[in-house]
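Enquirer:
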Amino acid sequence: MHVSFPILETLVLDNLKNLEHICIGTLSITFGSLGVIKVKNCVQLKYLFSFTLVKELSHLSEIEVCQCNSMKEIVLGDNNSSANSTTNENIEVFLFRSLTLEHLETLQNFFSRSEQNHQLLEPYVSTPLFNAQVAFPNLDALKLSSLNLNKIWDDNHQSMCNLTSLIVESCAELKYLFLSTMVGSFKNLKHLEISNCPLMEEIIAKEENNNEMEEVW
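Just so we're aligned, residue 2 is where the sequence shown starts under the working numbering, counting upward by one.
1. Between which residues of its own chain and Q68 is the CB-CB distance below 6 angstroms, once the five residues before and five after are set aside?
2. Between the alpha carbons of D15 and V66, how many angstroms are there, rounded?
3. At which residues does the alpha helix (DSSP H) containing F52 begin and terminate?
4. Look at E174 and N151 and say whether their C-beta atoms are less than 8 angstroms apart.
5. Does DSSP classify K207 as helix, strand or coil?
6. Going by DSSP, what residues sit across from I195 in a beta bridge?
7. Could you check the C-alpha separation between I225 and R98 for me, to the nearest Å?
8. So what's E182 in DSSP terms, helix, strand or just coil?
9. According to DSSP, simplified to helix, strand and coil, what is F111?
10. What's the gap between the Cα of S253 and the Cα of S181?
11. Select from G33, M2, L20 and V37 the residue whose C-alpha is nearest the C-alpha of V13.
12. Nearest-angstrom Cα distance between I195 and E93?
13. Out of L130, F112, K73 and G78, which has the shortest C-alpha to C-alpha gap to L145?
14. Run through DSSP, which three-state label would F131 get?
15. Taking the alpha-carbon positions, what's the L9 to E208 distance?
16. I64: which of N149, F95, K176 and Q159 sits nearest, CA to CA?
17. When DSSP builds the beta bridges, which residues end up paired with E65?
18. Quick check on I25: buried or exposed, where buried means 16 or more other Cβ atoms within 10 Å of its Cβ?
19. For a quick check, are the C-beta atoms of G78 and F52 less than 8 angstroms apart?
20. Pick out whichever of H192, Q45, H3 and V76 has its Cα sitting closest to the Cα of N19.
21. Between Y48 and E74, how many whole angstroms is the CB-CB distance? I'm expecting something under 8 angstroms.
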């Protein structure tokens, strides 16, 4: 069965406490013009989209997910996300411009390549929110609030070169924002706001054996 919403530009789902999936199973769905999705207080959702569906959303520019207390991943890996690779070296590119994640107590990462890997993850495991499998070349604004994570990026993550606004608040487990080796990735950053992160010791942490850091700010 195929369902199409060819002119739908904005999708808002709010306070749907029994909603478990936006799309599942054999249902084929098309959002040809979808640019904005906002999901709030959908407490049964464990992921936002499957990898197969999100790759069809060519016009998607803004994602906002708030108060979804069962959410483990934003994009759920499936067979298509690993079909062309037997390693984790392939990078999946996401082209939206704005990402807001707030009050997601069980969120483990943005995307992992396979559903099997997703199932093996334990809550609060020390893995980065954005791992080396993802890239966000168009991302302009990122807000992270009230997330149980101790690392935002993979230590060598270099995929947010157009980010201009970064807000991090109430992430109680964070000890640093990013490593010195990542500074070059944020050369376009204009607005940086960090608040209520009680364990944070450093904004830029220097890697051991890294004796020099290019100043770009």
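Just so you know, even glycine gets a beta-carbon here, dropped at the ideal spot from N, CA and C.
Expert: Well, looking at it:
1. Here residue 68 refers to the residue found at position 67 when the sequence shown is read from its first residue. Excluding its 5 nearest sequence neighbours in each direction, Q68 has C-beta neighbours in its own chain below 6 angstroms: K41, N42 and H104, listed in chain order.
2. As a first step, residue 15 must be located in the sequence shown, where it is residue number 14. As a first step, residue 66 must be located in the sequence shown, where it is residue number 65. Distance between the alpha carbons of D15 and V66 is about 10 angstroms.
3. By one-based count along the sequence shown, residue 52 stands at place 51. Here the alpha helix (DSSP H) through F52 covers F52 to V55.
4. Walking along the sequence shown from the start, residue 174 turns up at place 173. Walking along the sequence shown from the start, residue 151 turns up at place 150. In this structure, N151 lies closer than 8 angstroms to E174 by Cβ.
5. Reading the sequence shown from its first residue, position 206 is the one you call residue 207. The answer is coil: DSSP assigns K207 none of H, G, I, E or B.
6. On the sequence shown, position 194 is the one that residue 195 refers to. V169.
7. Because the chain is modelled from 2 through 218, residue 225 falls outside the range shown and cannot be assessed.
8. The residue given as residue 182 occupies position 181 in the sequence shown. Here the sequence assigns Thr to residue 182, which means Glu is not the residue at that position. Helix at T182.
9. By 1-based counting over the sequence shown, the position of residue 111 is 110. Three-state result, F111: strand.
10. The shown model of the chain, from 2 to 218, leaves out residue 253, and the question about it has no answer.
11. Your numbering for residue 13 matches position 12 in the sequence shown. Selected option, being the one with the closest Cα: V37.
12. On the sequence shown, residue 195 is found 194 positions in, with the first residue counted as 1. On the sequence shown, residue 93 is found 92 positions in, with the first residue counted as 1. Near 28 angstroms, if we compare the C-alpha coordinates of E93 and I195.
13. By 1-based counting over the sequence shown, the position of residue 145 is 144. With distances taken between Cα atoms, L145 lies closest to L130.
14. Position 130 of the sequence shown, counted from the first residue, corresponds to residue 131. Note: F131 maps to strand in three-state DSSP.
15. Position 8 of the sequence shown, counted from the first residue, corresponds to residue 9. Position 207 of the sequence shown, counted from the first residue, corresponds to residue 208. Those two C-alpha atoms are separated by around 46 angstroms.
16. Here residue 64 refers to the residue found at position 63 when the sequence shown is read from its first residue. Checking every option, the nearest Cα to that of I64 belongs to F95.
17. Looking up residue 65 in the sequence shown gives position 64. Beta-bridge pairing links E65 to K39 and T101.
18. As a first step, residue 25 must be located in the sequence shown, where it is residue number 24. I25 is exposed by the Cβ-count criterion.
19. For this step, residue 78 is matched to residue 77 along the sequence shown. For this step, residue 52 is matched to residue 51 along the sequence shown. Contact: yes.
20. On the sequence shown, residue 19 is found 18 positions in, with the first residue counted as 1. If we check each option's Cα against that of N19, Q45 comes out closest.
21. As a first step, residue 48 must be located in the sequence shown, where it is residue number 47. As a first step, residue 74 must be located in the sequence shown, where it is residue number 73. Rounded, the Cβ-Cβ distance is 5 angstroms, consistent with contact.
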